[in-house]
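Worksheet: one structure, shown below.
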Amino acid sequence: MESFLKIRIENKKCFAPEGILTGGKLKIFLKYYKRLTCLWNEVDIDYRLPNKRQEAMITLKSLLESSNISLTNLEIEQEIARFRKVCCQEKKRKFKCEAMKLQYIPQYPNYDEISFLEIDVGPFKCDICKEILSGLNALKVHKAKHDGTKPFTCPLCGNGFSTVHSMNIHLNRHTGDYKYKCKYCEKSFPASSELIVHERSHTGERPYVCDQCGKTFRVWVYYDTHLRRHQNRRSYKCEICSKAFFGAHNLNEHMNIHRKERDLFCNICGKGFKIAKYLRQHKLIHSVVKKYVCRICHKAFAQNAGLNGHMKTHGTKVIGNGLIFDTLTI
4 MESFLKIRIE NKKCFAPEGI LTGGKLKIFL KYYKRLTCLW NEVDIDYRLP NKRQEAMITL
64 KSLLESSNIS LTNLEIEQEI ARFRKVCCQE KKRKFKCEAM KLQYIPQYPN YDEISFLEID
124 VGPFKCDICK EILSGLNALK VHKAKHDGTK PFTCPLCGNG FSTVHSMNIH LNRHTGDYKY
184 KCKYCEKSFP ASSELIVHER SHTGERPYVC DQCGKTFRVW VYYDTHLRRH QNRRSYKCEI
244 CSKAFFGAHN LNEHMNIHRK ERDLFCNICG KGFKIAKYLR QHKLIHSVVK KYVCRICHKA
304 FAQNAGLNGH MKTHGTKVIG NGLIFDTLTI
């Protein structure tokens, strides 16, 4: 039975769609394509940047023309699609042979020259549970369930992300690819979602409304954190000191406290801080705008903390928008 299956698999020809290039021209095409790693190797930082991949396709066409191989953009894309389809079919055959404990022999005659695509073309096999996954992203998400890590890792800084979309936005920050421009000011952003939120600062739109207190928000994450406060749900816990927080951004800011170095500096006086929020509050001291005004003597302060300290000289403290008299007042 096993020998029958072996003969059947080996005799089943790998269907390779008919291509434009053959012989020496095919080898030249594959040589140039392999050289442009951003078109097939995710380790290349440009792999996930559409503009860089487009530049690589232009380069590939120029290299082919220098070797007297004239192809249109569509024909180049069709050849690449053909190689990837062959690679996919060969990998499926390989996994079938492994499952049946049979020797795998490539059916495509030039497969050694396109086998470099195996790192980018599915299917893929999980090396932990041996499950077969259709694509590279599916494999990453699957393996993350085994080890509890985030499936997508930035090749530049090592930060992890739950979705490939989030990682691509992060990469745009590294490369300075801020293509979404505000129609009200000169600011630009790496993601359309960030642009939408920013433009609400111009239009005044606050679409998220708390149904308990009526407070409105421009950003959903702040609205969600606000709801957690109503429900007293501190879902984000520090692994170092066990302190819990309502929102992920609150936890991230708190984690800076556990860092030893103060690597955020005031560009005016040079004072160092561990947390960006405290640096922003400090910079108000240098501001000429003093928006916190004493309602008794009208003295103005750059920070709310300065006003609170001042109010004690009047024997009062500020709570919300009102004044509360304490024991210093007769």
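Under this note's numbering, think of the first position of the sequence shown as 4, with each following residue one higher.
Ideal Cβ positions, reconstructed from N, Cα and C, are used throughout, including at glycine.
Let's test the definition: count the other Cβ atoms within 10 Å of the Cβ of residue i and tell me whether it reaches 16, buried, or not, exposed.
i, result
"Met103", "exposed"
"Ala279", "exposed"
"Phe268", "exposed"
"Thr75", "exposed"
"Trp43", "buried"
"Glu93", "buried"
"Val224", "exposed"
"Ala303", "exposed"
"Pro53", "exposed"
"Glu68", "exposed"
"Cys41", "buried"
"Tyr111", "buried"
"Tyr187", "exposed"
"Thr166", "exposed"
"Ala59", "buried"
"His289", "exposed"
"Cys90", "buried"
Roughly how many whole angstroms lie between the Cα atoms of residue i and residue j?
i, j, result
"His317", "Gln306", "18 Å"
"Lys277", "Asn259", "6 Å"
"Ala251", "His257", "10 Å"
"Gly26", "Arg51", "32 Å"
"Asn270", "Asn71", "57 Å"
"Cys213", "Lys246", "26 Å"
"Cys132", "Tyr107", "21 Å"
"Arg176", "Ala194", "10 Å"
"Gln215", "Asn235", "14 Å"
"Asn255", "Lys286", "21 Å"
"Ser191", "Arg203", "14 Å"
"Lys55", "Asp49", "6 Å"
"Glu242", "His261", "11 Å"
"Lys128", "Lys97", "11 Å"
"Lys301", "Thr152", "Looking at the sequence shown, residue 301 is not Lys but His. The alpha-carbon atoms of His301 and Thr152 are separated by roughly 55 Å."
"Glu80", "Glu101", "32 Å"
Since residue i and residue j are thought to touch, with beta carbons under 8 Å apart, how far apart are those beta carbons, to the nearest angstrom?
i, j, result
"Leu146", "Pro154", "Looking at the sequence itself, residue 146 is Lys, so the reference to Leu does not match. That pair is a contact at about 7 Å."
"Arg87", "Leu120", "6 Å"
"Phe248", "Arg237", "6 Å"
"Leu33", "Ile122", "Not confirmed; about 15 Å, so no contact."
DSSP state of residue i, grouped into three classes?
i, result
"Ile271", "coil"
"Thr206", "helix"
"Ala194", "coil"
"Lys240", "strand"
"Lys88", "helix"
"Phe98", "helix"
When you measure from the CB of residue i to every non-hydrogen atom of the ligand ZN, does any distance come out below 7 Å?
i, result
"Cys157", "Among the components of this structure there are no ligands whatsoever, and the ligand ZN is therefore not found."
Exercise for the section: Let me know the alpha helix (DSSP H) ranges lying completely inside the stretch 23-58, each 4 residues or longer, listed in chain order. Expected result: 26-38
Problem - Whole alpha helix (DSSP H) elements within the stretch 132-178, 4-residue minimum - result: 139-150, 167-178
Practice task
Just list the alpha helix (DSSP H) runs in the stretch 275-299, keeping only unbroken ones of 4 residues or longer that don't cross its boundaries, in chain order.
Solution key: 279-286
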